[in-house]
Amino acid sequence: MSEAPVKIKLNHLEVTRTARYATLGSLNDKTRFIWIVCHGYGQIASDFIKDFQVLSSEEHFVIAPEGLSRFYWGGNFDGKPVASWMTREDRLNEIRDYSKYLSQLFNLYKKRADPKVEFILFGFSQGCATIMRWCNIKRPSCKAIINWAGTIPEDIEYDQEYFVDIKLFWRYGTKDRFFTKERIQWHLDIIREKNLKIDIDLYEGKHKLYAEGLLALEKVICQSD
Numbered sequence: 262m263s264e265a266p267v268k269i270k271l272n273h274l275e276v277t278r279t280a281r282y283a284t285l286g287s288l289n290d291k292t293r294f295i296w297i298v299c300h301g302y303g304q305i306a307s308d309f310i311k312d313f314q315v316l317s318s319e320e321h322f323v324i325a326p327e328g329l330s331r332f333y334w335g336g337n338f339d340g341k342p343v344a345s346w347m348t349r350e351d352r353l354n355e356i357r358d359y360s361k362y363l364s365q366l367f368n369l370y371k372k373r374a375d376p377k378v379e380f381i382l383f384g385f386s387q388g389c390a391t392i393m394r395w396c397n398i399k400r401p402s403c404k405a406i407i408n409w410a411g412t413i414p415e416d417i418e419y420d421q422e423y424f425v426d427i428k429l430f431w432r433y434g435t436k437d438r439f440f441t442k443e444r445i446q447w448h449l450d451i452i453r454e455k456n457l458k459i460d461i462d463l464y465e466g467k468h469k470l471y472a473e474g475l476l477a478l479e480k481v482i483c484q485s486d
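Using the numbering used here, the letters of the sequence shown map in sequence onto residues 262 to 486.
#1: Any idea what DSSP makes of leucine 329, helix, strand or coil?
#2: Distance check for glutamine 421 and isoleucine 396, CA to CA, integer angstroms please.
#3: Can you give the Cα-Cα distance for isoleucine 445 and alanine 472, rounded to whole angstroms?
#4: Between valine 315 and phenylalanine 332, which are expected to be in contact by the criterion C-beta below 8 Å, what is the C-beta distance as a whole number of angstroms?
#5: Tell me which same chain residues have a C-beta within less than 6 Å of the C-beta of phenylalanine 367, skipping the five on either side of it?
#6: Per DSSP, which residues does histidine 321 bridge with? Please list them.
#7: Which residues share a DSSP beta bridge with threonine 284?
#8: Please state whether the Cβ-Cβ distance between phenylalanine 309 and glutamate 379 is less than 9 Å.
#9: Using the Cβ count rule (16 or more neighbours within 10 Å means buried), how would you classify alanine 265?
#10: Less than 9 Å separating the beta-carbons of proline 414 and leucine 363?
#11: Note down the Cα distance separating glycine 336 from threonine 435, rounded to an integer number of angstroms.
#12: Less than 9 Å between the C-beta atoms of glycine 301 and glycine 411, yes or no?
#13: Please report the straight-line C-alpha distance between tyrosine 423 and histidine 448, rounded to a whole angstrom.
#14: If you count every other CB in all the chains shown that lies within 10 Å of the CB of asparagine 408, and 16 or more means buried, which is it?
#15: Helix, strand or coil: which one does DSSP assign to glutamine 304?
#16: Out of Ala405, Met347, Tyr370 and Tyr433, point me to the one whose CA is closest to threonine 391's CA.
#17: Am I right that arginine 432 and aspartate 462 are in contact with their C-beta atoms under 8 Å? What's the rounded C-beta distance?
#18: What are the residues that DSSP puts in a beta bridge with proline 342?
#19: Closest to leucine 353 by C-alpha separation, out of Gly286, Leu476, His273 and Tyr370, would be which residue?
#20: How close, in whole Å, do the beta carbons of lysine 404 and isoleucine 324 come, if the pair is a contact with beta carbons under 8 Å?
#21: Which two residues bound the contiguous beta strand (DSSP E) that contains arginine 432?
#22: Does glycine 340 pass the burial test, meaning 16 or more other C-beta atoms within 10 Å, or should it be called exposed?
#23: Secondary structure at leucine 476, three-state DSSP: helix, strand or coil?
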């Protein structure tokens, strides 16, 4: 009689690792706003942050954290190294890890900045769910949360007390291949179901960040007070 196979058990070990992030501008006494901007799937921080060069370097300081998981784009070793925030594999631990990471980064710059400086959180594509999950778990103080070309998570109960005083935005493109009529309606239903008050608008364009749209949001958020 053959012996029963030895059972395989998956285990977890918390480790310290080095995270990479990019910054744009200088944090000084003229800074009014700090942006934390989370890239999409298959991007890296140093490339993504370039889209924010249109913002005034005097008033705005931009921080682009990079996802903790990297891979070669296209699945080949000669592909460009890019990053991701999470996959469905061991997802709860990945969410926990990046939430701790983003909070540590947020707290670092909150201590460095003048108390009057306000934070704006921005997510692009996969970065939208990343930002929203982090905020719902850790509740970082911020003026606004922008979701660009991505969707909010449908599987969490949103902290209404936290989100009620934050300006929430969702922007999607008319030619974004990921947003069919069905998917747009699905996302609108989620927003309604979760009872979130979100400023919703579309832009002429594809699955990318456009300078005109970013500047329009900057005007609404930063110059309306």
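Note that the Cβ used here is the ideal one computed from N, Cα and C, for glycine as well.
It should be emphasised that the depicted structure is a prediction, and the values quoted were computed from it without experimental measurement.
Put simply:
#1: coil
#2: Checking the sequence, you will find cysteine at residue 396 rather than isoleucine. In a straight line, the C-alpha of cysteine 396 is about 12 Å away from that of glutamine 421.
#3: Answer to the nearest angstrom: the Cα atoms are 23 Å apart.
#4: Going by Cβ atoms, the distance from valine 315 to phenylalanine 332 rounds to 29 Å, so no, they are not a contact pair.
#5: Pro401, listed in sequence order.
#6: Phe294
#7: Ile324
#8: no
#9: exposed
#10: no
#11: Rounded to the nearest whole angstrom, the C-alpha separation of glycine 336 and threonine 435 is 30 Å.
#12: yes
#13: 21 Å
#14: buried
#15: strand
#16: Met347
#17: Yes, they are in contact, since the Cβ atoms of arginine 432 and aspartate 462 sit about 6 Å apart, within 8 Å.
#18: By DSSP's assignment, proline 342 forms a beta bridge with Tyr333.
#19: His273
#20: Not quite, the Cβ-Cβ distance comes to about 15 Å (not below 8 Å), so this is no contact.
#21: 428-434
#22: exposed
#23: helix
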